[in-house]
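Encoded as C-alpha coordinates, the structure appears first; notes follow it.
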Amino acid sequence: MYESGYVIDFCSQDLEREVLDRFRKIVAILPSECKIFREPWDVSTVLCLDFSLCPYQLEPVKENADILIRTAQQLRLGKSILFRYNNQLKAFRQVA
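Basically the working numbering = 1-based index in the sequence shown + 22.
Okay, here's the thing in C-alpha coordinates:
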(Lines of atoms letter the chains of each structure in order from A; the text may use other names.)
(Lines give C-alpha, C1' and ligand atoms only; values in the text may rest on other atoms or scores of the structure.)
Protein backbone atom coordinates (compact mmCIF):
# COMPACT_ATOMS: atom_id res chain seq x y z
CA MET A 23 0.00 0.00 0.00
CA TYR A 24 1.07 3.61 -0.42
CA GLU A 25 1.96 5.89 2.45
CA SER A 26 -0.67 8.49 3.15
CA GLY A 27 0.21 11.77 1.55
CA TYR A 28 2.30 10.06 -1.15
CA VAL A 29 1.05 11.04 -4.59
CA ILE A 30 1.88 9.15 -7.73
CA ASP A 31 2.17 11.67 -10.53
CA PHE A 32 1.91 9.50 -13.62
CA CYS A 33 -0.07 10.27 -16.70
CA SER A 34 -0.45 8.08 -19.75
CA GLN A 35 2.42 9.92 -21.48
CA ASP A 36 4.73 9.13 -18.55
CA LEU A 37 3.79 5.46 -18.67
CA GLU A 38 4.20 5.38 -22.44
CA ARG A 39 7.67 6.93 -22.16
CA GLU A 40 8.61 4.47 -19.41
CA VAL A 41 7.65 1.39 -21.40
CA LEU A 42 9.40 2.67 -24.55
CA ASP A 43 12.53 3.43 -22.51
CA ARG A 44 12.36 -0.09 -21.10
CA PHE A 45 12.07 -1.47 -24.65
CA ARG A 46 15.19 0.47 -25.68
CA LYS A 47 17.17 -0.84 -22.69
CA ILE A 48 16.20 -4.45 -23.33
CA VAL A 49 16.98 -4.36 -27.05
CA ALA A 50 20.48 -2.97 -26.96
CA ILE A 51 20.81 -3.22 -30.75
CA LEU A 52 18.87 0.02 -31.28
CA PRO A 53 21.07 3.06 -31.86
CA SER A 54 20.40 5.97 -29.52
CA GLU A 55 19.49 8.14 -32.53
CA CYS A 56 16.60 5.85 -33.47
CA LYS A 57 13.25 7.39 -32.55
CA ILE A 58 10.81 5.00 -30.88
CA PHE A 59 7.10 5.73 -30.65
CA ARG A 60 3.72 4.06 -31.01
CA GLU A 61 0.82 5.11 -33.19
CA PRO A 62 -2.63 3.84 -34.10
CA TRP A 63 -2.85 2.03 -37.41
CA ASP A 64 -6.35 1.09 -38.51
CA VAL A 65 -7.81 -0.73 -35.48
CA SER A 66 -4.53 -1.62 -33.75
CA THR A 67 -1.38 -0.02 -32.41
CA VAL A 68 2.03 -0.34 -34.05
CA LEU A 69 5.52 0.24 -32.73
CA CYS A 70 7.46 2.64 -34.95
CA LEU A 71 11.23 2.80 -35.24
CA ASP A 72 12.37 5.88 -37.19
CA PHE A 73 15.93 5.74 -38.50
CA SER A 74 15.97 9.24 -40.02
CA LEU A 75 18.94 10.25 -37.84
CA CYS A 76 20.82 6.97 -38.37
CA PRO A 77 19.85 5.50 -41.78
CA TYR A 78 23.02 3.38 -41.92
CA GLN A 79 21.71 1.38 -38.93
CA LEU A 80 18.38 0.39 -40.50
CA GLU A 81 19.56 -2.78 -42.27
CA PRO A 82 21.59 -4.22 -39.36
CA VAL A 83 18.67 -3.70 -36.97
CA LYS A 84 16.18 -5.24 -39.43
CA GLU A 85 18.41 -8.32 -39.69
CA ASN A 86 18.09 -8.76 -35.91
CA ALA A 87 14.34 -8.18 -35.74
CA ASP A 88 13.72 -11.32 -33.65
CA ILE A 89 14.81 -9.63 -30.41
CA LEU A 90 12.63 -6.63 -31.26
CA ILE A 91 9.63 -8.87 -31.87
CA ARG A 92 10.10 -10.89 -28.67
CA THR A 93 10.48 -7.75 -26.57
CA ALA A 94 7.51 -6.01 -28.20
CA GLN A 95 5.43 -9.12 -27.44
CA GLN A 96 6.65 -9.22 -23.86
CA LEU A 97 5.83 -5.54 -23.27
CA ARG A 98 2.66 -5.71 -25.41
CA LEU A 99 3.68 -2.72 -27.50
CA GLY A 100 1.69 -3.41 -30.64
CA LYS A 101 0.71 -5.81 -33.38
CA SER A 102 3.53 -4.83 -35.75
CA ILE A 103 6.87 -3.08 -35.84
CA LEU A 104 7.35 -0.46 -38.55
CA PHE A 105 10.82 0.46 -39.75
CA ARG A 106 10.83 4.00 -41.08
CA TYR A 107 13.10 6.54 -42.61
CA ASN A 108 11.33 9.86 -41.99
CA ASN A 109 7.81 9.32 -43.33
CA GLN A 110 8.80 6.47 -45.63
CA LEU A 111 7.88 2.96 -44.58
CA LYS A 112 10.92 0.77 -45.28
CA ALA A 113 9.76 -2.51 -43.73
CA PHE A 114 7.44 -4.02 -41.18
CA ARG A 115 7.38 -7.15 -39.07
CA GLN A 116 4.35 -8.76 -37.48
CA VAL A 117 4.55 -9.11 -33.71
CA ALA A 118 1.41 -11.11 -32.96
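Each residue gets a CB set at the ideal place from its N, CA and C atoms; glycine is no exception.
**Study point:** Sequence-distant residues of the same chain with beta carbon closer than 7 Å to residue 53, five excluded per side
**Key:** Non-local beta-carbon contacts of residue 53 in its own chain, meaning distances under 7 Å to residues more than five positions away in sequence, involve 76, 79 in chain order.
**Study point:** First through last residue of the beta strand (DSSP E) which encompasses residue 72
**Key:** If you look at residue 72, you'll find it in the beta strand (DSSP E) that goes 66-72.
Check your understanding: In three-state DSSP terms, what is residue 109?
Key -> Coil at residue 109, not helix or strand.
Review point. Between the C-alpha atoms of residue 110 and residue 46, what's the straight-line distance to the nearest angstrom?
Key: Taken atom to atom, the span from the alpha-carbon of residue 110 to that of residue 46 is near 22 Å.
Check your understanding: Which residues mark the beginning and the end of the beta strand (DSSP E) in which residue 60 is found?
Key -> Judged by DSSP secondary structure, residue 60 falls within the beta strand (DSSP E) whose first and last residues are 57-63.
Point to revise | DSSP state of residue 89 mapped onto helix, strand, coil | key: Look at residue 89 here: in three-state DSSP terms it is helix.
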